[in-house]
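Asks: Here it is: the structure, laid out below.
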Amino acid sequence: MNLHEYQAKELLRAAGVPIPPGEIATTPEQAEAIAKRYGAAVMVKAQVHAGGRGKAGGVKFCPTPEAAKEKATAILGMTIKDLTVEKVLVTVAADIGSEAYVGIIVDRATKKPVFMVSAAGGIDIEEVAATTPELILYHPVDTRYGLLSFEAMRMGFFLFKDVKLARQAAKIMQQLYTAFMNAGCSLAEINPLVLTPTGELIAVDGKMVIDDNELDRRPDIAALRDESSEAPSEVDARNANLTFIKLDGNVGCVVNGAGLAMATMDLVKYYGGDPANFLDIGGSSNPEKVVNALRIITSDPNVKCILFNIFGGITRTDDVANGIVTATRANPLKVPIVIRLTGTNEEIAVKILQDNGFSASNDMDAAVQRAVELATKGGAA
Amino acid sequence: MSIFIDHSTKLIVQGITGRDGSFHAKQMMEYGTQVVAGVTPGKGGQRFEGTVPIFDTVYDAVQATGANTSVIYVPPMFAADAMMEAAAAGVKLIVCITEGVPVLDMTKVYPYVKEHDARLIGPNCPGLITPGQSKVGIIPGRICMPGNVGVVSRSGTLTYEIVNQLTKAGIGQSSCVGIGGDPINGTNFIDCLAAFEADPQTKAIAMMGEIGGTDEQEAAAFIKAHMKKPVVGFIAGQTAPPGRRMGHAGAIISGSEGTAAEKIESFLAAGMGVAQRPVDFVDLIKARLA
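Keeping their order, the protein sequence lines are chains R and E.
Every letter in the first sequence is one number past the one before it in this note's numbering, and letter 358, counting from 1, is 528.
Every letter in the second sequence is one number past the one before it in this note's numbering, and letter 110, counting from 1, is 133.
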């Protein structure tokens, strides 16, 4: 789960990281009032889950409250990567001396959270990693001990030769690490970490990505989810305990298991079609899940054919068959359906389907080919 | 022969009285796995299905039964503790089926298990099976048959699909291992490939990867440098859009690392066979066994 900048900054601030004051505005008038209250130049920043906000014109410097109102008018309602901006962060603009990058990410290779720090901050850290990797220090942390003082100081000195600044930076890294662990992050970063002309370090932008597996035990973090910034069909699917990602094609796919779901999408492409979605109904299925899956898929007008591909292990194929029957009885399908199922209780499933006028195959390739055919013919079956 | 488990495997089921644990404990027993103990705190002294003794702790179970392997079906928030409990009790092979274990928990579990000289498979995996001898986890036994193809995969149902197609074509398996799709897991492709290379029964290996991370590329480099046995590979997610998470934590394409194209290229560079579709495994493996 991604957090908005303002949410990440709240968590970082709570951990002690120095951050310029800021507030959320949903109208230009609010933005103006906040800027007036601060009595200083502000930044108005779009709060959407998209990178490249600055390039898209979603981040503006505003020397006066009037400018804040004007820029907020332009930014609120604008679209960045298909997402409509519904709120802006109005925050005191920092005096920038130099910019550093400080981030932590869970690393598969070392199997630890790894700090990445660089004095070359403010820009795309991936760019720095690609072109001048020597400017980045990587430091893995053993979470059983936490970030040790000398480790934080090593990173502090990598950024600043001056011991006072190195200490300040080390303290911020401890605070960032605390926020990272407390929120159950898979990524947390401060970019840029700004050194002001008066010698203070402040975090001017913050980003956090939460491990979805943490949300059950962190209700306060789970409450930060902003459903308005996600595709409605994906919110609907998550609430139904399904993993769903909308794509641009016309073959609606319902599959059990992420690997098989991806392999099914690949096979749709292989036979010349285009998948409309990724949808994983998960392990222990029940008919209800199938009903929800069909509802979500059929709400996409692009879908010209529905393809079920179920390999029953824990998933009982008769549950899936019952789900298909229940769902289509309540809402008759307007597009053809191709059902492939095999495995646990396959014979029962096939009988249920046949008794209700459906046919089923147990061959994955044949089913995918048929679905692609039906979708490209325009669904006139 | 086989890898990791065989007829001598003596298994503990952690969470044996839970919904998933009890269902799969029965399935494993029916398959012929020696399930020697179950663990559920507070139910020590009872018996599962009238036969298998239940203990309060893994330590007690190991002391009483001499078990050498444990399989975990406890809820995600308790899984980390369960894995470490098994390692501390001296279990040498720990298989965690549980899905949804927080990755920061795994940053503690992984070094702990290593320091206790145990092997962890998973979490978020289907487990493993040595057809005809023993199954630990949830892989359906009836789709497998004994033979000499080693199978290693990051997926669950996709593995079943491919194993099923192999079996239908008369190609049996030495062992099938599902290593799981989480960012931090106990056993990776290379661990399994090295074990298959050393296993006299295994003549060829089928390997199923996914987009995300660099495990498959590292495995390909290992194959090129260290393996004499033929390996056929497949990557799921060739058509996945970049930057989106496809269910598994593993299945993420981020930046330039971990695309299907990159992985397939590394397979080809290692001289591996590459299956474009799951069904292609049958002919590619057949050719390599001939």
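Think of the CB as a built atom: it goes at the ideal place given N, C-alpha and C, for glycine as much as any other residue.
It should be emphasised that the depicted structure is a prediction, and the values quoted were computed from it without experimental measurement.
(1) For a contact meaning CB atoms closer than 7 Å, what does E/Leu116 contact in chain R?
(2) Against chain R, with Cβ distances strictly below 8 Å, would E/Ser178 count as a contact?
(3) Between R/Glu517 and the ligand MG, is the CB less than 7 Å from at least one heavy atom?
(4) Who are the neighbours of R/Met351 on chain E, taking C-beta pairs under 8 Å?
(5) Listing by chain order, which chain E residues have their CB less than 7 Å from the CB of R/Leu437?
(6) Would the beta-carbon of E/Ile117 fall within 8 Å of that of E/Val136?
(7) Short check: CB of E/Ile287 to CB of E/Ile246, under 8 Å?
(8) Helix or strand or just coil, what does DSSP make of R/Pro188?
(9) According to the neighbour-count rule (16 or more other Cβ atoms, all chains shown, within 10 Å of its Cβ), is R/Phe448 buried or exposed?
(10) Below 8 Å on C-beta distance, what does E/Gly204 contact in chain R?
(11) Would the beta-carbon of R/Leu464 fall within 8 Å of that of R/Ala497?
(12) Compare the Cα-Cα distances from E/Gly160 to each of E/Met168, E/Pro169, E/Gly145 and report the closest residue.
(13) Closest to R/Val212 by CA distance: which of R/Ala237, R/Thr197, R/Gly227 is it?
(14) The alpha helix (DSSP H) spanning E/Ser25 covers which residue range?
(15) Taking C-beta pairs closer than 7 Å, name the residues in chain E that R/Phe481 reaches, listed in chain order.
(16) Give me the Cβ distance between R/Asp386 and R/Met171, rounded to the nearest whole Å; I'm assuming they're in contact under 8 Å.
(17) Along chain R, which residues have their Cβ under 9 Å away from the Cβ of E/Ala56?
(18) Do you know how far the Cα of R/Ser268 is from the Cα of R/Leu259?
(19) Am I right that R/Leu412 and R/Ile372 are in contact with their C-beta atoms under 8 Å? What's the rounded C-beta distance?
(20) By how many angstroms is the C-alpha of E/Ala192 removed from the C-alpha of R/Val538?
(21) Out of R/Met435, R/Asn501, R/Met432, R/Asp444, which one is the CA nearest neighbour of R/Ile466?
(22) On the three-state DSSP scale, how would you describe E/His249?
(23) Name the two residues that bound the continuous beta strand (DSSP E) containing E/Phe78.
(24) For chain R, check one thing: does any of its Cβ atoms lie closer than 8 Å to the Cβ of E/Ala263?
(25) Taking DSSP as the reference, what is the three-state secondary structure of E/Glu72?
(26) Among residues of its own chain, excluding the 5 on either side of R/Leu173, which ones have a beta-carbon nearer than 7 Å to its beta-carbon?
(27) Rank R/Val490, R/Glu193, R/Ser356 by C-alpha distance to the C-alpha of R/Val284 and give the top, closest one.
(28) Pick out the complete beta strand (DSSP E) segments inside the segment 379-422 of chain R, 3 residues or longer, and give them in chain order.
(29) Once you ignore the five residues that flank R/Ala491 on each side, which residues in its own chain have a CB closer than 6 Å to its CB?
(30) Between E/Pro223, E/Gly256, E/Glu53, E/His249, which has its C-alpha nearest E/Gln234's C-alpha?
(31) Count the other CB atoms within 10 Å of the CB of E/Asp306; is the residue buried (16 or more) or exposed (fewer)?
(32) Under 8 Å between C-beta atoms, does E/Ile77 make it to chain R?
(33) For chain E, is any of its Cβ atoms less than 8 Å away from the one on R/Val218?
(34) Determine the DSSP secondary structure at R/Phe330, reduced to helix, strand or coil.
(35) For R/Ile494, which of R/Gly482, R/Pro235, R/Val461 has the nearest alpha-carbon?
(36) Counting Cβ pairs closer than 8 Å, one from the segment 403-421 of chain R and one from the segment 473-493 of chain R, do we hit at least three?
Replies: In terms of the structure at hand:
(1) Here residue 116 of chain E corresponds to residue number 93 of the second sequence, with the count starting at 1. Result: empty, since nearest Cβ-Cβ is about 19 Å, beyond 7 Å.
(2) As a working mapping, residue 178 of chain E is identified with position 155 in the second sequence. It does; some Cβ of chain R falls within 8 Å.
(3) This structure simply doesn't include the ligand MG, nor any ligand for that matter.
(4) The residue given as residue 351 of chain R occupies position 181 in the first sequence. Chain E residues near R/Met351: Leu127.
(5) To locate residue 437 of chain R, count along the first sequence from 1; it is residue 267. Near R/Leu437 (Cβ distances below 7 Å), the residues of chain E are Arg300.
(6) Walking along the second sequence from the start, residue 117 of chain E turns up at place 94. Walking along the second sequence from the start, residue 136 of chain E turns up at place 113. Yes. Within cutoff.
(7) Against the second sequence, residue 287 of chain E aligns to sequence position 264. Against the second sequence, residue 246 of chain E aligns to sequence position 223. Going by C-beta atoms, E/Ile287 is not nearer than 8 Å to E/Ile246.
(8) By 1-based counting over the first sequence, the position of residue 188 of chain R is 18. Note: R/Pro188 maps to coil in three-state DSSP.
(9) For the purposes of this step, residue 448 of chain R is taken as the residue at position 278 of the first sequence. Its Cβ being crowded by 16 or more others within 10 Å, R/Phe448 is buried.
(10) As a working mapping, residue 204 of chain E is identified with position 181 in the second sequence. Simply Ala428, Gly429.
(11) Numbered from its first residue, the first sequence carries residue 464 of chain R at position 294. Numbered from its first residue, the first sequence carries residue 497 of chain R at position 327. Yes, the Cβ-Cβ distance between R/Leu464 and R/Ala497 is below 8 Å.
(12) Position 137 of the second sequence, counting from 1, holds the residue named residue 160 of chain E. The shortest C-alpha separation from E/Gly160 is found at E/Gly145.
(13) Position 42 of the first sequence, counted from the first residue, corresponds to residue 212 of chain R. Ranking the options by Cα distance to R/Val212, first place goes to R/Ala237.
(14) Within the second sequence, the letter at position 2 stands for residue 25 of chain E. Looking at the DSSP string, E/Ser25 is not in any alpha helix (DSSP H), and its letter there is neither H nor E.
(15) Residue 481 of chain R sits at position 311 when you count from the first residue of the first sequence. Thr180, Tyr183, Glu184, listed in chain order.
(16) By one-based count along the first sequence, residue 386 of chain R stands at place 216. By one-based count along the first sequence, residue 171 of chain R stands at place 1. Incorrect: roughly 12 Å between the Cβ atoms, too far for contact.
(17) Start at 1 with the first residue of the second sequence, and residue 56 of chain E comes out as number 33. In the sequence as presented, Ala is not what sits at residue 56 of chain E; that position holds Thr. Those do not exist, as E/Thr56 stays about 16 Å from chain R at its closest Cβ, beyond 9 Å.
(18) Working through the first sequence from its first residue, we reach residue 259 of chain R at position 89. Working through the first sequence from its first residue, we reach residue 268 of chain R at position 98. C-alpha separation (whole angstroms): 23 Å.
(19) As a position in the first sequence, residue 412 of chain R is number 242, starting the count at 1. As a position in the first sequence, residue 372 of chain R is number 202, starting the count at 1. No, R/Leu412 and R/Ile372 are not in contact; Cβ-Cβ is about 42 Å, not under 8 Å.
(20) As a position in the first sequence, residue 538 of chain R is number 368, starting the count at 1. As a position in the second sequence, residue 192 of chain E is number 169, starting the count at 1. C-alpha separation (whole angstroms): 20 Å.
(21) Sequence index remark: in the first sequence, residue 466 of chain R carries index 296 (1-based). When each option's Cα is compared against that of R/Ile466, the closest is R/Asn501.
(22) The residue given as residue 249 of chain E occupies position 226 in the second sequence. E/His249 falls in the helix class under three-state DSSP.
(23) By one-based count along the second sequence, residue 78 of chain E stands at place 55. Its beta strand (DSSP E) spans residues 75-78.
(24) As a position in the second sequence, residue 263 of chain E is number 240, starting the count at 1. Taking Cβ atoms only, chain R reaches closer than 8 Å to E/Ala263, which makes this a yes.
(25) Translated into the one-based positions of the second sequence, residue 72 of chain E becomes position 49. DSSP places E/Glu72 in coil when its eight states are reduced to three.
(26) By 1-based counting over the first sequence, the position of residue 173 of chain R is 3. Taken in chain order, the residues that qualify are Met378, Ile380, Leu394.
(27) Along the first sequence, one-based indexing puts residue 284 of chain R at 114. Residue R/Ser356 is the option with its Cα nearest to R/Val284.
(28) 413-416
(29) Taking the first residue of the first sequence as 1, we reach residue 491 of chain R at position 321. These residues qualify, in order along the chain: Ala519, Ile522, Leu523.
(30) Reading the second sequence from its first residue, position 211 is the one you call residue 234 of chain E. The sequence shown places Ile at residue 234 of chain E, not Gln. If we check each option's Cα against that of E/Ile234, E/Gly256 comes out closest.
(31) Taking the first residue of the second sequence as position 1, residue 306 of chain E is located at position 283. Exposed.
(32) The residue given as residue 77 of chain E occupies position 54 in the second sequence. Taking Cβ atoms only, chain R never reaches closer than 8 Å to E/Ile77, which makes this a no.
(33) Residue mapping note: residue 218 of chain R aligns to position 48 of the first sequence, counting from 1. Chain E, which has no Cβ nearer than 8 Å to the Cβ of R/Val218, makes this no.
(34) Here residue 330 of chain R is taken as the residue at index 160 of the first sequence, counted from 1. In this structure, R/Phe330 counts as coil in the three-state DSSP scheme.
(35) Counting from 1 along the first sequence, the entry for residue 494 of chain R is found at position 324. When only C-alpha atoms are compared, the closest one is R/Val461.
(36) yes
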